[in-house]
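Accompanying notes for the structure given below.
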Amino acid sequence: MVWIPVTNTDEQEMLKVIGVSSIDSFFEDIPPSLRLKSWNIPEGLSEIEAYQRLDSLSKKNRVDGISFVGGGFYDHYIPAVVDYLSQRGEFSTAYTPYQPESAQGTLQAIYEYQTALCRLTDMEVANASLYDGGTALFEAVMLAVRVTGRRKVRIIPGINPIYEQMLYTHTANLDLELEYGKNPEDCACVIGATPDFFGNIHDFTDIARNCHEAKALMIIHFYPIALGLMKTPGEMGADIAVGEGQCLGLPLGFGGPYLGLFTTRKEYIRKMPGRICAMTVDKQGKRGFVLTLQAREQHIRREKAMSNVCSNQALCALRALIYLCEVGKKGLIEIAQDCYSKTEYLKKKLTEFVSVINSKPTFNEFVVRLPIPAEQVVQKIKQSGVFPGIPLKSLLEHCKQQIPSKDMDGNRYGDIGDLLIAVTEKRTQKELDLLVELIRANIS
Amino acid sequence: MDLIYEKCNHRQAFSIPKGQIPEVSFPQELKRQHPAELPEVSELDVVRHFTHLSQRNMGIDTNFYPLGSCTMKYNPKIADVVSSFAGFTQLHPQFLYSEVYHDCIQGALELVYHLEQLLSEISGMRAVSLQPMAGAHGELTGVLMISAYHKHHNNTHKKTILIPDSAHGTNPASAAIAGFQVQEVPSNSQGTLDLDCFRKSMNDEVAGIMLTCPNTHGLFEKDIQEIAELAHKYDALLYYDGANLNAIIGQCRPGDLGFDVMHFNLHKTFATPHGMGGPGSGPVGVNERLLDFLPGPRVTKNDDHIFNLEYPKNTIGKSAPFLGHFLVAVRAYVYILMQGSEGLKEVSRKAVLNANYVLAKIRSAFPPAYDRLCMHECVLTAMPYHDFDVRALDFAKALLDRGFHAPTVYFPLTVKEALMIEPTETETKETLDQFCNTMMELAEQAKQNPDELRKAPITTPVQRLDEVKAAKELNVVHPVNTSKP
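Chains as they are written, first to last, in the working numbering: chain A, 169 to 612; chain B, 12 to 496.
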């Protein structure tokens, strides 16, 4: 048997020590009528066969196109050290650091991750990660509800429609009132995204101020790479800032695992969900790290816990930390600047013959309205080895959004011709020019 | 060891291609005022820093890790290799929501479809969704389906979820987050659910019951048939917490035991790496009752073997942004394919054999909480050493000095000075013998030289840490101005 090293001789010796005659004795509590009779599970494969099976499955997917697909998940470059270091078994095969003396590597990395995230966002505290951007947003709303005792939640139009649907799913049984708007009156929180789902950059400083006057919390969803350049959630006055960390060294991977980034103000730390790591000293005064404020968590507080989360995304958080250390202070600015410049270049070229819907500055993503259905254009262009973007209508329908869907300035999205186009530092000028030519050639 | 922030020396490890596109200046009024103070180190600094950090960790790859309830089994390396194929890692998730790209994701959809089928067959459930991103997230998704089911049937009076006192903390937390009241049901003197108390707790207001089976005492709930009948009599749904599926895989199936809804922990039973606490993956399985409430979209297959999407009639919506932790699912898939039918049955048989072997070898020094054979883990107590002022925690720390990770301690909460040992099926008899011998030596030391034992650990990178100081001073972020020049 693969990966099961107990031999027949071992088994006999062990049974003798235990004092039973067969392994079946251990299963006697299972009512005999409920024991498994048969099941339809195939015989095991050898490693070679399994490799070949998976290799052939992976090749039924197409990843060879020059990609302009984004929508909250981006084709950024992953420096080689990220894979190399994060794959070490001492990281990947460890469990949650419940015995801190044998998990200082994990704990120091979490502390450094929390620090990196706070420096990136100008927020005061961060947890050790949540599952993804969508669940981070859900937990942010829950924190705002706990802090304010209110049940009304206002969403500024333009957050990722996938996250919006996840928020509805997760709060379905909680008697919260979720509505669009930016008026914080009687609200637990106002949620805004910048850049928003359509690429627009917003400054929420005034809305955050209004929130504070109305004693509501301002939740800002951010895009970590954009923070190389962009005004930060902290600068705008966010009380909670959340985001998706996939862009920080995680592969697209058809949906995960990703990384839920969660930051807030120090005054809310005792109501924050998720693990938190703190610096302390050992018996000899040597610096060390431990999980702290565990009385918030489910394994101590059970039904009164701040959240039900147990697993987080520690290995993904480690990848994000390694990424941020490798690109460093200057590298992050360069990457953000490059994304911005290339996007502006592409936007300018495309506006020569199609309209861009965004009315505000954009970071690395924008929407063009094509004169024919976007799906038709995509269908043709992808034969030429380019994935030109996301046809918005189909995506919004999958997320049960009303069409047209609006941003906070009232621009309407979701026309059959709307295509969401994203650019990263991996795209070259040649590729941008190619996309322009392909779109031009395929809309007439 | 220095923090990476203390190594900052104004170096740049990484830069992007230069001179491709003329720089366009970012709008001044939207700019951040100061750059983020990220490290400025060389690439070799990065490599050494994280290599040194890794050396301050224990993992399954380096040490025996009998952490009860966590199923720390060997993580096969083939799973890491296949999950890093470019056809999986570089695949854009938004292709899912654009039919025009569906020809680009047929391999991924096939994998999801087949893995969901395999998990359904393994569990005896009608259908499985891979969406939930961890065990607790699976619980939340499951409870949300229970809630949607009762709403759909106008069972507005159903507000309570019953949970045994031996359950993991995530069960009551998930039920509460989903908007239910939680009522605890005690265990009996044999370590299983107290059936009389359960009967008394059952009424029309009960929406569901969450059970772990075998439970966290490592014991099978032998009254499961009666429990299921009683639950269904009141139209309450029975939830199976898959945390301990490793104990029964291939021996019996939650669906056949009468469970309506469950979650799997792919990072436990199906050997995907725990990654220092995540990513996990917590697919949910349902029987006929909850089929229409599953998260969507679901992958379907048509007669031409083309894979497509559909939404269940009364879907609760989206649990995850796409189809869950896909790259974790790839690992679990290859694990199941390679174990095959006989391998999976052998998993539970050997996991249970190993746990009973450890129990038999050390029970004279560490009495079991319940005096019977166990399943995949044994729950023992360090109470005999209470008089010597040696606690479960001291044994845990002493094991670290002897090259073993500690068992789970102080859980389940129902057992005083609990030591919860789960050896898993992937360990050799030699390793188990070494561990048992060490435990017996430590038991002797606890009586002869308790002071020495309480000093442990002394060989780890740090000794016992001041948790009170940590919580009081709350240094959770390294301040910018204390970086070394």
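We put the beta carbon where it would ideally sit given N, CA and C, even for glycine.
Given the structure is predicted, the values throughout are model-derived calculations rather than measurements.
**OP:** Please list the partners that A/Ala271 has in chain B, where partner means a Cβ-to-Cβ separation under 9 Å.
**Re:** Arg67, Asn68, Met69, Met287
Subject >> Proximity to B/Asn214 [Cα-Cα], best of B/Leu241, B/Gly190, B/Gln192, B/Leu222 >> reply: B/Leu241
**OP:** Tell me whether A/Ala248 is buried or exposed, calling it buried when 16 or more other Cβ atoms sit within 10 Å of its Cβ.
**Re:** exposed
Subject >> Residue-level contact to chain A via CB, B/Phe231, 8 Å cutoff >> reply: yes
Original post:
Which bits of chain B does A/Arg470 rub up against, with CB to CB less than 7 Å?
Top reply: Gly180, Pro183, Ala184
Original post:
On the three-state DSSP scale, how would you describe A/Leu603?
Top reply: helix
Original post:
For chain B, is any of its Cβ atoms less than 8 Å away from the one on A/Gln570?
Top reply: no
Original post:
In this structure, what does DSSP give as the bridge partners for B/Thr419?
Top reply: B/Met431
Original post:
What are the residues of the region 216-232 of chain A that lie near chain B, defined by any Cβ-Cβ distance shorter than 7 Å?
Top reply: Ala218, Tyr219, Arg221, Leu222, Asp223, Leu225, Ser226, Lys227, Lys228, Asn229, Arg230, Val231
Original post:
So, helix, strand or coil for B/Thr392, using DSSP?
Top reply: strand
Subject >> CB contact below 8 Å: B/Val272 versus chain D >> reply: Within the model displayed, chain D is absent; protein chains A and B are what it includes.
Original post:
Who are A/Lys320's beta bridge partners in DSSP?
Top reply: A/Glu345, A/Cys355
Subject >> Where the beta strand (DSSP E) through A/Ala409 begins and ends >> reply: 408-412
**OP:** For B/Ala407, decide whether its Cβ has a neighbour in chain A, counting only Cβ atoms nearer than 8 Å.
**Re:** yes
Original post:
Are the region 310-318 of chain B and the region 337-347 of chain B touching, with three or more C-beta to C-beta distances below 8 Å?
Top reply: no
**OP:** Determine the direct distance from the alpha carbon of B/Leu443 to that of B/Ser330, and round the result to whole angstroms.
**Re:** 40 Å
**OP:** For B/Tyr250, name the three-state secondary structure that DSSP assigns.
**Re:** strand
Subject >> Residue span of the alpha helix (DSSP H) that contains B/Phe446, given as start and end >> reply: 440-459
**OP:** Scan the region 107-149 of chain B and note each continuous alpha helix (DSSP H) run of 4 residues or more that stays entirely inside, going in chain order.
**Re:** 117-134
**OP:** Check whether the Cβ atoms of B/Phe191 and B/Ile238 lie closer than 8 Å to each other.
**Re:** no
Subject >> Between the CA atoms of B/Asn492 and B/Lys483 - distance to the nearest angstrom >> reply: 22 Å
Original post:
So, A/Ser475 versus B/Ile188, is the Cβ gap smaller than 8 Å?
Top reply: yes
Original post:
Going along chain B in order, which residues have a C-beta closer than 7 Å to the C-beta of A/Cys415?
Top reply: The premise fails here: A/Cys415 is roughly 13 Å from chain B at the closest Cβ pair, so nothing lies under 7 Å.
**OP:** Count the CB pairs spanning the region 403-412 of chain B and the region 460-470 of chain B that are closer than 8 Å, and state whether there are at least three.
**Re:** yes
Original post:
Hey, out of A/Leu213, A/Arg256, A/Glu215, whose CA is closest to B/Arg67's CA?
Top reply: A/Arg256
Original post:
Can you list the residues of chain A that B/Ser352 reaches, using a CB-CB cut of under 8 Å?
Top reply: Trp207, Ile209, Pro210, Glu211, Gly212
Original post:
Smallest Cα separation from A/Leu397: which of A/Ile246, A/Leu518, A/Gly417, A/Gly499?
Top reply: A/Gly499
Original post:
In whole angstroms, what is the alpha-carbon distance linking B/Pro496 and A/Val250?
Top reply: Only weak support exists for where B/Pro496 lies, its pLDDT of 39 falling under 50; the coordinates are left without a value.
**OP:** Identify the contact partners of A/Ile611 in chain B, using a Cβ-Cβ distance below 8 Å as the criterion.
**Re:** None at all; the shortest Cβ gap to chain B is about 15 Å.
**OP:** Please list the partners that A/Asn480 has in chain B, where partner means a Cβ-to-Cβ separation under 7 Å.
**Re:** Gly288, Gly289
Original post:
Opposite B/Thr471 in the DSSP bridges: which residues?
Top reply: Per DSSP, none; premise fails for B/Thr471.
Original post:
Exposed or buried, which one is B/Gly30 when buried takes at least 16 other CB atoms within 10 Å?
Top reply: exposed
**OP:** With distances taken Cα to Cα, identify the nearest neighbour of A/Val170 among B/Val345, B/Pro323, B/Gln142.
**Re:** B/Val345
Original post:
Under a three-way DSSP split, which group does A/Tyr279 fall into?
Top reply: helix
Original post:
So is B/Arg210 in contact with chain A if we call contact Cβ pairs under 8 Å?
Top reply: no
Subject >> Residue-level contact to chain A via CB, B/Pro104, 8 Å cutoff >> reply: yes
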